[in-house]
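For the protein sequence lines, the chains are A and B, in the order given. Taking this note's numbering, I'd label the letters of the first sequence as residues 1 to 364. Taking this note's numbering, I'd label the letters of the second sequence as residues 365 to 728. To keep things clear, I will list the structure first and then write my remarks on it.
Number of protein chains: 2
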Amino acid sequence: MTEVQSGEREERGGGGGERWPTVRGRHAAAARATSRDVARAAGVSQATVSLVMGEKWRGRVSERTAGAVRTAARELGYRPNLTARSLRLGRARTALLVVPALTNEFFARVYTGAARAAAEYDMGVVLYPSPEGTGPARDPFASARATLDGVIASSIAAEALTDLREGGLPLVMLDSEPGRTDAPATVNLDIADGMRQVTEHLLALGHRRFAHIAADIDSWTFRVRARALAEALRGTAGTVLRTEPAALDVASGRLAAARALTAPGGPDARPTALICDGDVLAAGACKAARRLGLRVPDDVSVTGFDDLPLASALEPELTTVRLPAEAVGEAGMRALVAVLDGGAPASAALPVELVPRASSGVAP
Amino acid sequence: MTEVQSGEREERGGGGGERWPTVRGRHAAAARATSRDVARAAGVSQATVSLVMGEKWRGRVSERTAGAVRTAARELGYRPNLTARSLRLGRARTALLVVPALTNEFFARVYTGAARAAAEYDMGVVLYPSPEGTGPARDPFASARATLDGVIASSIAAEALTDLREGGLPLVMLDSEPGRTDAPATVNLDIADGMRQVTEHLLALGHRRFAHIAADIDSWTFRVRARALAEALRGTAGTVLRTEPAALDVASGRLAAARALTAPGGPDARPTALICDGDVLAAGACKAARRLGLRVPDDVSVTGFDDLPLASALEPELTTVRLPAEAVGEAGMRALVAVLDGGAPASAALPVELVPRASSGVAP
DNA sequence: CTCTTCTAGTTATACGTAAAACCGGGATCG
DNA sequence: CGATCCCGGTTTTACGTATAACTAGAAGAG
Numbered sequence: 001m002t003e004v005q006s007g008e009r010e011e012r013g014g015g016g017g018e019r020w021p022t023v024r025g026r027h028a029a030a031a032r033a034t035s036r037d038v039a040r041a042a043g044v045s046q047a048t049v050s051l052v053m054g055e056k057w058r059g060r061v062s063e064r065t066a067g068a069v070r071t072a073a074r075e076l077g078y079r080p081n082l083t084a085r086s087l088r089l090g091r092a093r094t095a096l097l098v099v100p101a102l103t104n105e106f107f108a109r110v111y112t113g114a115a116r117a118a119a120e121y122d123m124g125v126v127l128y129p130s131p132e133g134t135g136p137a138r139d140p141f142a143s144a145r146a147t148l149d150g151v152i153a154s155s156i157a158a159e160a161l162t163d164l165r166e167g168g169l170p171l172v173m174l175d176s177e178p179g180r181t182d183a184p185a186t187v188n189l190d191i192a193d194g195m196r197q198v199t200e201h202l203l204a205l206g207h208r209r210f211a212h213i214a215a216d217i218d219s220w221t222f223r224v225r226a227r228a229l230a231e232a233l234r235g236t237a238g239t240v241l242r243t244e245p246a247a248l249d250v251a252s253g254r255l256a257a258a259r260a261l262t263a264p265g266g267p268d269a270r271p272t273a274l275i276c277d278g279d280v281l282a283a284g285a286c287k288a289a290r291r292l293g294l295r296v297p298d299d300v301s302v303t304g305f306d307d308l309p310l311a312s313a314l315e316p317e318l319t320t321v322r323l324p325a326e327a328v329g330e331a332g333m334r335a336l337v338a339v340l341d342g343g344a345p346a347s348a349a350l351p352v353e354l355v356p357r358a359s360s361g362v363a364p
Numbered sequence: 365m366t367e368v369q370s371g372e373r374e375e376r377g378g379g380g381g382e383r384w385p386t387v388r389g390r391h392a393a394a395a396r397a398t399s400r401d402v403a404r405a406a407g408v409s410q411a412t413v414s415l416v417m418g419e420k421w422r423g424r425v426s427e428r429t430a431g432a433v434r435t436a437a438r439e440l441g442y443r444p445n446l447t448a449r450s451l452r453l454g455r456a457r458t459a460l461l462v463v464p465a466l467t468n469e470f471f472a473r474v475y476t477g478a479a480r481a482a483a484e485y486d487m488g489v490v491l492y493p494s495p496e497g498t499g500p501a502r503d504p505f506a507s508a509r510a511t512l513d514g515v516i517a518s519s520i521a522a523e524a525l526t527d528l529r530e531g532g533l534p535l536v537m538l539d540s541e542p543g544r545t546d547a548p549a550t551v552n553l554d555i556a557d558g559m560r561q562v563t564e565h566l567l568a569l570g571h572r573r574f575a576h577i578a579a580d581i582d583s584w585t586f587r588v589r590a591r592a593l594a595e596a597l598r599g600t601a602g603t604v605l606r607t608e609p610a611a612l613d614v615a616s617g618r619l620a621a622a623r624a625l626t627a628p629g630g631p632d633a634r635p636t637a638l639i640c641d642g643d644v645l646a647a648g649a650c651k652a653a654r655r656l657g658l659r660v661p662d663d664v665s666v667t668g669f670d671d672l673p674l675a676s677a678l679e680p681e682l683t684t685v686r687l688p689a690e691a692v693g694e695a696g697m698r699a700l701v702a703v704l705d706g707g708a709p710a711s712a713a714l715p716v717e718l719v720p721r722a723s724s725g726v727a728p
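Below, the structure is given as structure tokens:
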């Protein structure tokens with residue numbers, strides 16, 4: 001693999017040579033049949049072909065002619081040029097989905113849901129793996145190689161969205177603080193409820209001393225979790241909550257959990273439940289516990305968040321919160337279409353679900 | 365969430381109403397400045413704007429005028445309409461990436477790599493989560509909402525590609541049988557070498573009785589693994605290989621491994637190493653071993669494939685084979701660009717790397 | 001019989017851009 | 001001094017489609 005440094009590209013374009021590596025000439029594929037070719041073959045005008053292909057020929061074209069056009073189209077292997085169509089219509093039927101990182105399965109699933117919903121509206125979704133994806137693509141709108149009708153931004157801080165707003169396109173925010181943005185529509189997960197369910201599940205199992213292995217990312221979803229956890233504990237007397245921040249990977253989770261489990265005060269002060277902000281962190285927490293000679297869940301319960309495949313691959317299987325990622329993408333797409341149709345701004349919050357498994361048990 | 369059945373859509377479009385839910389009218393955003401607007405503001409012709417913005421004004425436009433154009437463009441917030449540009453140029457600078465499932469992190473990483481490489485060529489990548497993604501999108505070319513310059517297909521059986529070939533576009537195949545297709549270019553992983561490394565690693569640890577927990581998918585990558593494994597064992601006397609097929613999930617891996625570990629012949633005939641076709645299967649295999657009271661790696665070694673984050677989240681951490689997924693996507697994109705530039709068909713095989721970790725140890 | 005309406009199309013135009021072809025005038029050259 | 005060449009632009013055209021505006025003929029209305 002040749003390493004390619006894609007450093008600063010000069011804006012003035014001064015020097016010699018092409019601005020980009022050449023991708024020249026048309027390939028054989030460019031010999032596609034156009035609507036005019038079909039028209040010629042069918043002995044009609046181009047407009048008629050357009051009418052027939054667009055299924056808009058109610059009373060405008062006879063059944064005979066329409067049949068001839070369709071036959072000709074099929075024989076020539078005609079496919080309408082979507083670029084030309086987009087230009088003509090002024091709409092590309094394409095949405096841009098901005099996600100932090102596609103390798104996070106949550107976002108892959110959001111994409112899947114969005115793409116599925118888009119297909120129902122004969123729309124497409126193009127991805128922009130965003131800000132933190134440090135690739136050379138700087139401009140979301142240019143990275144989409146087509147005109148865009150709208151933008152769906154998932155889990156992006158409202159502040160980081162200024163360049164998206166700049167485009168002036170309809171914007172739907174997913175998984176972001178409701179009300180904080182002036183986006184016409186938002187779709188959120190009821191994260192607070194998820195955290196509440198986790199907490200109550202553990203309280204019901206008799207736990208009183210908790211540690212929150214908290215993602216050290218300053219975003220809405222994690223702030224909500226911390227708040228919901230604190231509130232849920234408030235209802236029960238004699239609870240203790242300790243918070244340990246961690247980056248979102250296994251190793252950090254392990255370190256944070258180790259800190260929580262070895263805090264001064266001895267075994268009697270040790271938390272009996274580790275509430276983690278993600279399954280990945282929970283995996284680390286399990287490691288930490290085992291390394292300290294503690295059994296999960298007998299000595300310490302561990303809970304995750306997200307319900308990744310990882311959660312059921314671990315041993316013991318993780319108690320976690322299932323997030324309807326596809327549904328988020330789907331709802332986001334529908335919301336965008338609603339906005340494009342001139343609908344009123346709307347917000348939705350999707351329910352999440354506690355999945356009790358083997359990593360949580362009665363308090364020791 | 366409203367459930368939406370997106371069943372068969374009639375091709376004839378007979379009935380009443382619109383074919384698709386409406387997405388009508390232009391949004392406020394459509395009031396974008398065009399090159400003509402910029403021209404007017406700068407007091408030049410549209411052609412001049414095009415020249416300046418295209419960085420092709422070597423000796424054609426004076427520094428003064430170019431400056432005026434750029435100023436006007438900035439003030440009007442001008443962004444060239446990529447759809448129009450694509451139409452004019454006959455190339456969309458867009459490639460279609462066909463993957464089996466984006467939720468498989470391998471493919472998410474392939475996409476990431478392809479997108480990064482694409483950006484270097486000022487190209488874009490649009491996804492088509494393919495055949496098995498049973499969504500309503502049937503037509504890869506229509507699902508991309510733009511004209512395409514080429515197609516990159518990852519891990520798709522050559523037979524399933526007929527409708528991709530039909531488009532007549534340049535095609536690059538990733539991770540597929542070299543020579544089997546007439547694709548102008550292919551990029552493969554040296555899977556055989558990976559399996560060889562695993563086998564030799566285990567042989568060196570003294571293992572002689574193996575079980576191959578094999579993906580029950582009939583694709584090139586898995587056929588190669590089985591063959592390479594068998595060949596690698598051939599060099600050593602007294603080795604035993606048993607094959608257990610499994611679907612690509614944890615539960616199936618567990619069942620297959622359980623079958624392998626409880627086969628008749630008692631502990632002396634039991635395999636001491638489980639070679640799994642994927643980390644997910646390996647996770648299942650570890651579960652099976654532990655459930656049978658066997659310790660990993662003391663009683664039985666387990667190896668995976670892929671080096672997903674899962675591999676290092678498990679306990680013990682998995683010995684596995686790291687696949688340079690981003691590099692595959694990157695090389696695929698570069699190969700496509702080469703083909704578009706009229707280059708000769710080429711094939712590449714990328715090296716893979718054994719990552720020895722805690723799940724493999726000396727034979728008991 | 002004339003006027004309207006309907007049918008089944010056609011002609012013409014616009015979307016926004018890139019680039020080929022053109023063009024006026026000053027400098028250069030033989 | 002006339003022909004040539006560059007410089008710095010402008011005019012024009014084409015990409016492929018969708019659709020508004022038009023039209024020729026037939027049928028029906030009054």
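Virtual Cβ for every residue (Gly too), placed ideally from N, Cα, C.
1. So Thr147/A contacts chain B; which residues on that side make the cut at Cβ distance below 7 Å?
2. Return the residue from the list Asp37/A, Glu75/A, Arg32/A and Arg79/A that minimises the CA-CA distance to Gly54/A.
3. Out of Leu171/A, Asp306/A, Arg145/A and Val362/A, which has the shortest C-alpha to C-alpha gap to Leu189/A?
4. With DSSP collapsed to three states, give me the class of Arg572/B.
5. Mind listing the chain A neighbours of Ser676/B? Cutoff is C-beta to C-beta under 7 Å, in chain order.
6. Val463/B bridges to which residues according to DSSP?
7. Taking only heavy atoms of the ligand GDP into account, decide whether any of them is closer than 7 Å to the Cβ of Gly648/B.
8. Can you give me, in chain order, the residues of the segment 92-112 of chain A that have a beta carbon less than 7 Å from any beta carbon in chain B?
9. Rounded to whole angstroms, what's the CA-CA distance from Thr199/A to Ala348/A? Just pull it up for me.
10. Could you check what DSSP says for Ile213/A in three-state terms: helix, strand or coil?
11. How far does the alpha helix (DSSP H) with Arg322/A in it extend, from its first residue to its last?
12. Please go through the segment 585-642 of chain B and give each complete beta strand (DSSP E) segment of 3 or more residues, from N-terminal end onward.
13. Mind pulling the alpha helix (DSSP H) runs of 4 or more residues that sit fully within the segment 507-539 of chain B?
14. Using a Cβ cut-off of 8 Å (strictly closer), state whether Arg529/B contacts chain A.
15. I need the DSSP call for Ala699/B, collapsed to helix, strand or coil.
16. Just tell me which of Lys420/B, Val664/B, Ala472/B and Thr526/B has its CA closest to the CA of Thr633/B.
17. How many whole angstroms separate the CB atoms of Leu213/A and Ala251/A, which I take to be in contact at a CB cut-off of 8 Å?
18. Give the DSSP-derived three-state secondary structure of Ala647/B in the structure shown.
19. By a C-beta neighbour count over all protein chains shown, 10 Å radius and 16 as the cutoff for buried, is Val352/A buried or exposed?
20. By the criterion of Cβ-Cβ separation under 7 Å, what are the contact partners of Ala647/B in chain A?
21. Distance, Cα to Cα, Arg606/B vs Cys640/B?
22. Does the beta-carbon of Lys651/B have 16 or more other beta-carbons within 10 angstroms, so that it is buried, or is it exposed?
23. Compare the C-beta of Ala594/B with all C-beta atoms of chain A and state if any pair is closer than 8 Å.
24. Give me the DSSP bridge partner(s) of Thr365/A.
25. Thinking just about the alpha-carbon of each residue, which of Leu700/B, Asp643/B and Arg449/B is nearest to the one in Thr511/B?
26. Can you name the residues of chain B whose CB is closer than 9 Å to the CB of Leu87/A?
27. Considering only C-alpha positions, which residue in the set Asn81/A, Arg40/A, Gly77/A and Thr83/A is nearest to Thr65/A?
28. In chain B, what lies closer than 7 Å to Phe141/A by C-beta?
29. Expressed to the nearest angstrom, what Euclidean distance is found between the alpha-carbon atoms of Ala695/B and Met537/B?
30. Give me the Cβ distance between Leu461/B and Tyr492/B, rounded to the nearest whole Å; I'm assuming they're in contact under 8 Å.
31. Against Leu767/B, what residues of chain A qualify as contacts under a CB-to-CB distance less than 9 Å, listed in chain order?
32. Do Ala481/B and Gly629/B count as a contact pair if the criterion is CB distance below 8 Å?
33. Who does Ser45/A pair with in a DSSP beta bridge?
34. From the DSSP output, read off the bridge partner residues of Ala346/A.
35. Indicate the three-state DSSP secondary structure (helix, strand or coil) for Asp306/A in the structure shown.
For this structure:
1. Asn445, Leu446 and Thr447
2. Arg79/A
3. Asp306/A
4. coil
5. Val250
6. Pro493/B
7. Although the ligand GDP was asked about, the structure shown includes no ligands whatsoever.
8. Ala92, Arg93, Thr94, Leu102, Thr103, Glu105, Ala108, Arg109, Tyr111 and Thr112
9. 24 Å
10. strand
11. Counting along the chain, Arg322/A falls outside any alpha helix (DSSP H), though it belongs to the beta strand (DSSP E) covering Thr320 to Arg322.
12. 604-610 and 637-640
13. 526-530
14. no
15. helix
16. Residue identity check: residue 633/B is Ala in the sequence provided, not Thr. If we check each option's Cα against that of Ala633/B, Val664/B comes out closest.
17. One point to set straight first is that residue 213/A is Ile, not Leu, in the sequence displayed. Not quite, the Cβ-Cβ distance comes to about 13 Å (not below 8 Å), so this is no contact.
18. helix
19. buried
20. Ala313
21. 12 Å
22. buried
23. no
24. Nothing can be reported for residue 365/A, as the shown portion of chain A is limited to 1 through 364.
25. Arg449/B
26. Asn445, Thr447, Ala448, Ser450 and Leu451
27. Arg40/A
28. Arg443
29. 11 Å
30. 7 Å
31. No statement about residue 767/B is possible, as the shown extent of chain B runs from 365 to 728 and does not include it.
32. no
33. Ser45/A is not bridged to any residue.
34. Ala185/A
35. strand
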